[in-house]
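Below is one structure, written out as structure tokens; comments come after it.
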Amino acid sequence: MSVGEEVRTDDGRPQQSLGTAAARNLATTTKSAPQMQEISSRWLLRTLPWVDVQGGTYRVNRRLTYAVGDGRITFVKTGDQVEVIPAELGELPALRSYEDHEVLTELARRCRQRDFAPGEVIADFGNQTSGVYLLAHGRVEKVGTGPYGDDAVLGVLADGAYFGDQALLDSDAIWEYTLRADTATTVLILGRQDFEQVAERSATLREHLEGLRAIPRQRTNKYGEKEVELAAGHSGEADIPHTFVDYEARPREYELSIAQTVLRIHTRVADLYNQPMNQTEQQLRLTVEALKERQEHELVNNREFGLLHNCEYDQRIQPHDGVPSPDDLDELLSRRRGTKLLLAHPRAISAIGRELNKRGLVPETIDIAGHRIPTWRGVPIYPCNKIPISEARTTSVIAMRTGEAEQGVIGLRQSGVPDEIEPSLSVRFMGINEQAIIKYLVTAYYSAAVLVPDALGVLENVEIGRWR
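Next comes the structure, spelled out in structure tokens:
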């Protein structure tokens, strides 16, 4: 605008007072604190009981168990050909802890690929087991006879599972149920004859198998632990059995994990731009929020201690129809006593709600810290957006019993670390460099431990995109 030119309003009339745009230059605005979208409810961090760990390591002592092998097999796919990774055969009960790579490679080479169509029977009840079947892809139903003579689905197997492994140790083993492909299915079959031929040429494998065949002579309970010999209901001077409780010789130890970052702030910003909000405090606040988000992500997804990767495979179940039905949730809860909470992605909670609506059921809700949380059988279902959703739009639902006293899942941390601002979270001043930039080291120490296997369960491969 040139000097002397008259200022006019939008409707063309002469302006009679100072405009708001110009006035803002001389005014102190009312502003919010810095906001970030990444902040979530973080229910896992809030509900997990935290145990202080001194020395950075937590050891979980358990009773000695003779259960061998209970893992999941990993495969490599090239075009339409599937091969099993040799080392993954060590997940089979008969090959657990066996480490001769040459022998495992030979066994992997002898696995034969076979495809089954939906509805096709893979193995019939009562027939002799001819080998171990490794499920590379698809869903397989375990079908038995119900109490009234009709077929009943006993369970569902998914990618990475195996069945028929008893054939490798017992030549007289039979199928205890019928196995039927629920979808297009690809399996690799390691025949008993091929296994025996390899064992004949390998002294180390024969010795390993002989050791395993001796294990069933131990009296064990249903969890594979050595039986505690007891006498009950006797009278007179009966001989009372002698016993002892054996422990694992090499218990698992959980080391505290770490999440760190270096926050940098220029001294000019820290000195001059601190009204009405302290720039250093706001930078640290947002950095800590991001660190906690990553902490919860690691507690769910970390391969060493994350919940999804540390759940035992006999505590993982598959939904019978893909969607998370009330029946599947009941099955998940029945796997453990005293389930304290369920964790699910918000979209999975929506899918659970749809399935309940189809059956005319309305889930109860409870008030927790001012939030209405849905429940199933009285167990709260907390949202957790850290549980991943696959490209196939499937996810998982986690069930937990928590607390040391309940032999459940616990969070691990170490309170009292130097420059601590919260338990196990510290902010350390690292000095000022030659560019006048202040540096702070922000650190969080954490981990999680599963005290007994049945404290943690997962409903896997839950479909969240089916609307009918």
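Going by the UniProt record's numbering, 382 is the number at position 382 of the sequence shown; the sequence numbering is gapless.
Ideal Cβ positions, reconstructed from N, Cα and C, are used throughout, including at glycine.
I believe residue i touches residue j by the beta-carbon criterion, under 8 Å. Please report the beta-carbon distance rounded to the nearest angstrom.
i	j	result
Glu463	Thr394	6 Å
Glu248	Arg62	5 Å
Leu256	Gly416	Their Cβ separation, rounded to whole angstroms, is 13 Å, which puts Leu256 and Gly416 out of contact at 8 Å.
Ala136	Gly144	About 24 Å separates the two Cβ atoms, so there is no contact after all.
Ile366	Pro388	Not a contact, Cβ separation roughly 27 Å.
Val84	Ser202	Contact flag wrong, Cβ pair sits at about 18 Å.
Gln315	Arg337	Not quite, the Cβ-Cβ distance comes to about 13 Å (not below 8 Å), so this is no contact.
Leu212	Leu169	6 Å
residue 470	Gln407	The chain is shown only over 1 to 468; residue 470 falls outside these bounds and no answer can be derived.
Val228	Glu106	Incorrect: roughly 41 Å between the Cβ atoms, too far for contact.
Gly160	Arg72	4 Å
Ala108	Pro93	About 17 Å; that fails the 8 Å criterion.
Pro326	Ile349	Not quite, the Cβ-Cβ distance comes to about 14 Å (not below 8 Å), so this is no contact.
Given that a residue counts as buried once 16 or more other Cβ atoms are within 10 Å of its Cβ, and exposed if not, what is residue i?
i	result
Pro14	exposed
Trp43	buried
Leu157	buried
Phe244	exposed
Asn278	exposed
Gln54	exposed
Ala344	buried
Gln193	exposed
Lys77	exposed
Gly149	exposed
Tyr58	buried
Pro34	exposed
Asp282	Checking the displayed sequence, the identity of residue 282 turns out to be Gln instead of Asp. With fewer than 16 Cβ atoms within 10 Å of its Cβ, Gln282 is classed as exposed.
residue 490	Residue 490 is absent from the model: the chain starts at 1 and stops at 468.
Lys386	buried
Ser447	buried
Ala392	exposed
Asn461	buried
Val397	buried
His234	exposed
Mind checking which residues open and close the beta strand (DSSP E) that includes residue i?
i	result
Leu456	456 to 463
Ser257	257 to 266
Ala444	437 to 450
His297	That residue, His297, is in no beta strand (DSSP E); its alpha helix (DSSP H) goes 279 to 301.
Arg428	425 to 432
Ile366	365 to 368
Leu412	409 to 413
Ile389	First-last for Ile389: undefined, no H or E at that position.
Val397	394 to 400
His371	371 to 376
Glu422	420 to 422
Note down, in chain order, each residue of its chain lying with its Cβ closer than 6 Å to the Cβ of residue i, except the 5 sequence neighbours on either side.
i	result
Pro49	Thr402, Gly403, Ile410
Ala444	Ala259, Leu291, Gln295, Leu425
Tyr133	Phe163, Gly164, Val187, Ile189
Val450	Asn310, Val409, Leu456
Arg264	Ile437, Lys439
Phe125	Trp175, Tyr177, Thr178
Gly12	none
Met430	Lys439, Leu441
Gly465	Arg393
Glu293	Glu38
Arg110	Asp194
Asp115	Thr186
For residue i, which residues from the same chain have a beta carbon less than 7 Å from its beta carbon, with the 5 sequence-adjacent residues on both sides left out?
i	result
Ala231	Ala238, Ile240, Pro241
Asn127	Ile174, Trp175
Thr183	Pro118, Gly138, Arg139
Gly155	Lys142
Asn357	none
Gly306	Glu298, Leu299, Val300
What residues in its chain sit with their C-beta under 8 Å from that of residue i, if we drop five residues either side in the sequence?
i	result
Trp467	Arg354
Glu289	Met36, Glu38, Ile39
Glu420	Ser426
Arg303	His309
Val82	Phe75, Val76, Gln113, Ala136, His137, Thr186, Leu188
Please confirm if residue i has its CB atom under 8 Å from at least one CB of chain C.
i	result
Ile349	No chain C is present in this structure, which holds just one protein chain.
Where does the unbroken alpha helix (DSSP H) through residue i begin, and where does it stop?
i	result
Pro383	Segment 379 to 383 is the beta strand (DSSP E) holding Pro383; no alpha helix (DSSP H) there.
Ser334	326 to 334
Arg354	346 to 358
His320	Element bounds for His320: n/a, residue is neither H nor E.
His309	307 to 310
Would the C-beta of residue i count as close to the ligand COA, meaning under 7 Å from any of its heavy atoms?
i	result
Leu107	Within the structure as shown, the ligand COA is missing, as the structure has no ligands at all.
Could you tell me which uninterrupted beta strand (DSSP E) segments, each at least 3 residues in length, are contained entirely in the segment 30 to 113, listed from first to last along the chain? 50 to 52, 57 to 60, 75 to 78, 81 to 84
Quick one: which unbroken alpha helix (DSSP H) runs of 4-plus residues sit fully inside the UniProt domain "Cyclic nucleotide-binding" (95 to 207)? Chain order, please. 101 to 109, 192 to 201
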